[in-house]
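Asker:
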Amino acid sequence: MRDLIAFAIMTMVPIAPMGIYGIVAQLSHGHVPLAYAIGAVAMFFTAWTYGQFVWRYPEAGSAYAYVRETLGPHIGFIAGWTILLDYVLIPALVILVSALWLQELTGISMVIFALLFILFATVMNLLGVEMTARSSMALFIFETFVLVVFVAVSTYHVWVDPNLSFTLKPFYNPSDFSWSFIIAGTSVAVLSFLGFDIMTTLAEETIQARKVVSRAVILVIPIIALFFIAQTYLAAVVEPGYNFENPDVAFYYIAEKAGGKAVQMLCLLGTVLAWGVGDTLAAQAGIARILYSMGRQGHIPKVFAKVHPKYRTPYVSTIFVALITAPLIVLLSLKDLSSLVNFGALTTFLMMHIALIYRFVKIEKKHIYAVMPAIGFLVTGLFCS
181 MRDLIAFAIM TMVPIAPMGI YGIVAQLSHG HVPLAYAIGA VAMFFTAWTY GQFVWRYPEA
241 GSAYAYVRET LGPHIGFIAG WTILLDYVLI PALVILVSAL WLQELTGISM VIFALLFILF
301 ATVMNLLGVE MTARSSMALF IFETFVLVVF VAVSTYHVWV DPNLSFTLKP FYNPSDFSWS
361 FIIAGTSVAV LSFLGFDIMT TLAEETIQAR KVVSRAVILV IPIIALFFIA QTYLAAVVEP
421 GYNFENPDVA FYYIAEKAGG KAVQMLCLLG TVLAWGVGDT LAAQAGIARI LYSMGRQGHI
481 PKVFAKVHPK YRTPYVSTIF VALITAPLIV LLSLKDLSSL VNFGALTTFL MMHIALIYRF
541 VKIEKKHIYA VMPAIGFLVT GLFCS
């Protein structure tokens, strides 16, 4: 179980809030840690739903498989396309975050950096070069180091600065509090929790999968939530305002205020490596494999199933992902991309909750058990509105 939780945390990225902090701060009017706390509660119910499906279908699965098995192939088809469209946007999102931070550092257009990230990921995936377990763990350790350093220096900064204090205003500030603001901020904050379900794809490789995976998928939420809440709370007390000149890179300047240029560069390096390298490689490879699989099964044109004769990689799908990623980065803002990715993910979660409610009520006749997914459906639906 410990290895599964560590793998999920590594996939979710411990410093994920750094990339979207400014957007969440503006939407929530400074209540960023509260938005993450509420997001954690919402994700807990979704994780519980995933856990129930893992218990019933211990073979490696996904939201698409769970919905299809419960509600039939037609609804499963809709769920599959929702997930696919969501995945298509993810490479653009993770690249945009890194490109914006580098633009702030160098003054060079983020488009140049975005194209370089796309080119790098495309070449690596065409050649079949993947992040090894060792390199992934090294990246995870570095991200954790960045988080620990930021927490330490920001705590010290607030402690010694007479104008700052460890206030509860980031959780509740009467002068700026509104539930509409909090819901808006939370709807973007939940982006950082995406990826917790990765362990369900490892069920077939896990001993006692029903017991271990169903528990691990729930336990990972409060653990990662502590990471997210700690860093966003400290960022909020280091820089109490939320009207940033450029919210896309707000954390970049908060890191400098907390610990100077050294900490700023450390946070930048962590964000670029986590989002621009690790996540980009994985996201592009993942969607390319999905397109390859769908092409092979005839759900989309079979050209997507073409494999490179030398490197044995789905080169048509990989190049296609690269070609649609570039215009998305140019045409959409970070806020728009974040909202679209979240909407797709939350829609998938809604289908999961509906499927579990149906299973409890219609198939298993355990009506009382439907309360949990029903709450999850209502909470998730709130953030989709």
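Residues in the sequence shown are numbered from 181 upward in steps of one, following our numbering. Note that the Cβ used here is the ideal one computed from N, Cα and C, for glycine as well.
Compare the C-alpha of Pro553 against each of Trp228, Ile189 and Ala215 and name the closest.
Answerer: In the sequence shown, counting from the first residue as 1, residue 553 sits at position 373. Nearest of Trp228, Ile189 and Ala215 to Pro553, Cα basis: Trp228.
Asker: Would you identify the three-state DSSP class for Tyr549, choosing helix, strand or coil?
Answerer: The residue labelled residue 549 in the question sits at position 369 within the sequence shown. Here Tyr549 sits in helix by DSSP.
Asker: Please list the terminal residues of the continuous alpha helix (DSSP H) segment that includes Trp261.
Answerer: Here residue 261 refers to the residue found at position 81 of the sequence shown. Element bounds for Trp261: Pro253 to Thr286.
Asker: Have a look at Leu508 and Ile275 and give me their C-alpha separation to the nearest angstrom.
Answerer: Counting from 1 along the sequence shown, the entry for residue 508 is found at position 328. Counting from 1 along the sequence shown, the entry for residue 275 is found at position 95. Distance between the alpha carbons of Leu508 and Ile275: 11 Å.
Asker: Quick check: the Cα distance between Tyr422 and His547, rounded to an integer number of angstroms?
Answerer: Within the sequence shown, residue 422 is the residue found at index 242, counting from 1. Within the sequence shown, residue 547 is the residue found at index 367, counting from 1. Looking at the two C-alpha atoms, the distance is approximately 45 Å.
Asker: With a cut-off of 8 Å, do at least 3 Cβ pairs link the stretch 397-406 to the stretch 218-225?
Answerer: Taking 8 Å as the limit for Cβ pairs, the verdict is that the stretch 218-225 does touch the stretch 397-406.
Asker: Note down, in chain order, each residue of its chain lying with its Cβ closer than 6 Å to the Cβ of Ala188, except the 5 sequence neighbours on either side.
Answerer: By 1-based counting over the sequence shown, the position of residue 188 is 8. Taken in chain order, the residues that qualify are Phe376, Ile378, Met379 and Val400.
Asker: From Ile185, Ala369 and Gln444, pick the residue whose C-alpha is nearest to that of Leu285; which is it?
Answerer: What you label residue 285 is simply residue 105 of the sequence shown in a count that begins at 1. The shortest C-alpha separation from Leu285 is found at Gln444.
Asker: With distances taken Cα to Cα, identify the nearest neighbour of Phe424 among Leu520, Arg314, Val204 and Ala243.
Answerer: Reading the sequence shown from its first residue, position 244 is the one you call residue 424. Ranking Leu520, Arg314, Val204 and Ala243 by Cα distance to Phe424 puts Val204 first.
Asker: How is Ile467 classed by DSSP in three states: helix, strand or coil?
Answerer: Numbered from its first residue, the sequence shown carries residue 467 at position 287. Helix.
Asker: Beta-carbon separation of Gly210 and Pro354 under 8 Å?
Answerer: The residue labelled residue 210 in the question sits at position 30 within the sequence shown. The residue labelled residue 354 in the question sits at position 174 within the sequence shown. The answer is no: Cβ separation not under 8 Å.
Asker: Given that a residue counts as buried once 16 or more other Cβ atoms are within 10 Å of its Cβ, and exposed if not, what is Ile409?
Answerer: One-based indexing of the sequence shown puts residue 409 at position 229. Counting Cβ neighbours within 10 Å, Ile409 comes out buried, since at least 16 surround it.
Asker: Alpha helix (DSSP H) containing Ser497: first to last residue?
Answerer: To locate residue 497, count along the sequence shown from 1; it is residue 317. Unbroken alpha helix (DSSP H) run through Ser497: Tyr495 to Leu511.
Asker: So which of Thr460, Ser518, Arg476 and Val559 has the shortest CA-CA distance to Asn569?
Answerer: This structure cannot settle anything about residue 569, because the visible part of the chain is limited to 181 through 565.
Asker: Inspect the CB distances between the stretch 460-478 and the stretch 281-296 and report whether three or more fall short of 8 Å.
Answerer: The stretch 460-478 is not in contact with the stretch 281-296.
Asker: Less than 8 Å separating the beta-carbons of Ile504 and Val247?
Answerer: The sequence position of residue 504 within the sequence shown is 324, counting from 1. The sequence position of residue 247 within the sequence shown is 67, counting from 1. Result no, Cβ atoms of Ile504 and Val247 do not sit closer than 8 Å.
Asker: I think Val452 touches Ala438, with their Cβ atoms under 8 Å apart; what is that distance to the nearest whole Å?
Answerer: The sequence position of residue 452 within the sequence shown is 272, counting from 1. The sequence position of residue 438 within the sequence shown is 258, counting from 1. Actually they do not touch by this definition, with Cβ atoms about 19 Å apart.
Asker: Thinking C-alpha only, which one of Asp266, Ile321 and Val328 is nearest Leu526?
Answerer: Here the question's residue 526 lines up with position 346 in the sequence shown. Cα-wise, what sits closest to Leu526 is Asp266.
Asker: In whole angstroms, give me the CA-to-CA distance for Asp341 and Thr302.
Answerer: Residue numbering aside, residue 341 sits at position 161 when the sequence shown is read from its first letter. Residue numbering aside, residue 302 sits at position 122 when the sequence shown is read from its first letter. Whole-angstrom Cα-Cα distance: 46 Å.
Asker: Quick one: give me the first and last residue of the alpha helix (DSSP H) that Lys437 is part of.
Answerer: Taking the sequence shown and counting its residues from 1, the one referred to as residue 437 is at position 257. Note, Lys437: alpha helix (DSSP H), Ala430 to Thr451.
Asker: Taking the alpha-carbon positions, what's the Arg492 to Ala243 distance?
Answerer: Position 312 of the sequence shown, counting from 1, holds the residue named residue 492. Position 63 of the sequence shown, counting from 1, holds the residue named residue 243. Cα-Cα distance, rounded: 28 Å.
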